[in-house]
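Single-structure report; data block below.
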Amino acid sequence: MNWNARALDVLAAGEPTPLIDFPVQAPGIRLLLKDESAQPTGSLRHRHARALFRRAILDGLVAEGTTVVEATGGNAAVAQAWFARRLGLPYIVVMPGERSEARARAVEALGGECRFVTPPLAIYDAAREIPGHFLDQFGRAAEHDLGEELFGQVRPDWVVTGAGTGATSATLGRWIRAHEVECRVAVADPDNSAYFPGWTLDVPDYATGMPSRIEGIGRPRVEPGFRPDLVDLVVPVPDAASVAAARHIKEVTGLPVGGSSGTALWAALELVERMRARGETGTVVSVLGDAADRHLATYHDDAWAAGKGLDAGQYTEELRSRTGV
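Residues in the sequence shown are numbered consecutively from 850, following our numbering.
Here's what the structure looks like:
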């Protein structure tokens, strides 16, 4: 077996991540969390990374010994470093800002190399200058296997996810249309992000020029991987509501999730409320992006939230009334 064949075996899909029942005060409506924190690297970015590597190998862009390069931070870098190590490939990630040992530690523990660049937007040019293959998770946002896996577990009426690269909503929308399934896709979008206004106004290159405060989702511009034609609804979610919902998930499930999971839950509860008001029944699935103790020092910390000007408390009662918890 040659290297390419062995590599594709390494990149085969793993065990399905679980679905968690989440309480709602709406008879006949079921809300499920698709728990991507159960991935080997602890986040939805695991699927993104696997798809990027598979596509690069199948297209002949990555072969044995190729140095793989990315410009990113957080979960995406960890997931890519994890796969690079299993494929025996050198991995270099360019991260924005000054060097942070906390951010570099997880990648370097997997054998990757971290380089830090300022100003933050310079990371993309810096990555392209490094010899090797630039994965380019935004420019080459690869559709992954979430749709096939999810619909093998349940047949929901709505699936809710955040949008970073746009690959997840595109994956779901394409699978639904290809298989002619009666299900709709909603994107939960945080403050400052370009996806909601871009989708609403039908402006494919819409830009806000403002960074998202919710890690992993929201972009200052509409990215090439976002497919508005495959999305049925985009729900704007205030950042303080994302924080409150992330804390509510931890209260109910014990999982210390990040803000993106809170954003998706808030949007899912909005959909549940609309269904209840119309007398509809059915199933809503909300994608839970990740869970990690590091979130306890941010989204779950009152001092951090206050420093960002986020009053999560104003949304607590609404969460309790909609979930009964």
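Glycine is no exception: its CB is placed at the ideal position from the N, C-alpha and C atoms.
query                                                                                                                         : result
Cβ pair SER892, GLY1138 closer than 8 Å                                                                                       : yes
Assigned exposure category for VAL1052 - 16 Cβ within 10 Å defines buried                                                     : exposed
Exposed unless 16 or more other CB atoms sit within 10 angstroms - verdict on MET944                                          : buried
7 Å Cβ shell around PRO969 - same chain, five flanking residues per side excluded                                             : PRO945, GLY946
Beta-carbon contacts of PRO1105 that lie in its chain and below 7 Å, excluding the five residues immediately before and after : LYS1099, ALA1140, ALA1141, ASP1142, HIS1144, LEU1145, HIS1149
Cβ-Cβ distance between PRO1073 and PHE987 below 8 Å                                                                           : yes
Cα-Cα separation between ALA912 and GLY937, rounded to whole angstroms                                                        : 10 Å
Euclidean distance between Cα positions of ARG1125 and GLU1119                                                                : 10 Å
Per DSSP, the bridge partner or partners of ARG1070                                                                           : ALA1056
Boundaries of the alpha helix (DSSP H) in which VAL859 is found, first to last residue                                        : 852-859
LEU1118, DSSP secondary structure in three states                                                                             : helix
Touching by the beta-carbon criterion (3+ pairs, under 8 Å), the stretch 967-984 and the stretch 862-873                      : no
Sequence ranges, alpha helix (DSSP H) only - wholly within the stretch 1085-1160, length at least 4                           : 1088-1102, 1108-1126, 1151-1156
Sequence-distant residues of the same chain with beta carbon closer than 6 Å to PRO939, five excluded per side                : THR916
Residues sharing a beta bridge with HIS982, DSSP                                                                              : VAL917
Simplified DSSP assignment, three categories, for PRO1039                                                                     : strand
LEU1180 - DSSP class collapsed to helix/strand/coil                                                                           : This structure gives no information on residue 1180, because the portion of the chain shown stretches from 850 to 1174.
Closest by C-alpha distance to ALA1037, when choosing among THR1017, ALA930, ALA990                                           : THR1017
Unbroken alpha helix (DSSP H) run spanning PRO1046, endpoints                                                                 : 1044-1050
Identity of the residues DSSP links to VAL942 by a beta bridge                                                                : GLU919, CYS963
Residue range of the unbroken beta strand (DSSP E) whose run includes ASP870                                                  : 868-871
Boundaries (first-last residue) of the alpha helix (DSSP H) holding GLY821                                                    : Because the chain in this structure spans residues 850 to 1174, residue 821 falls outside the shown range and cannot be described.
First and last residue of the uninterrupted beta strand (DSSP E) at THR1010                                                   : 1007-1011
Presumed contact (8 Å Cβ cut-off) between ILE869 and THR1102, rounded CB distance                                             : 6 Å
For THR1147, the nearest candidate out of SER1135, ILE1025, GLY1108, GLY1128 (CA to CA)                                       : GLY1108
Three-state secondary structure assigned by DSSP to ARG904                                                                    : helix
Residue from ASP1081, ALA1113, GLY914 with nearest C-alpha to ARG1096                                                         : ALA1113
Proximity to ILE941 [Cα-Cα], best of VAL1009, ALA951, ALA975                                                                  : ALA975
Cβ-based neighbour list, VAL918, same chain, cut-off 6 Å, excluding 5 preceding and 5 following                               : ILE941, ALA976, ILE979, GLY981, PHE983
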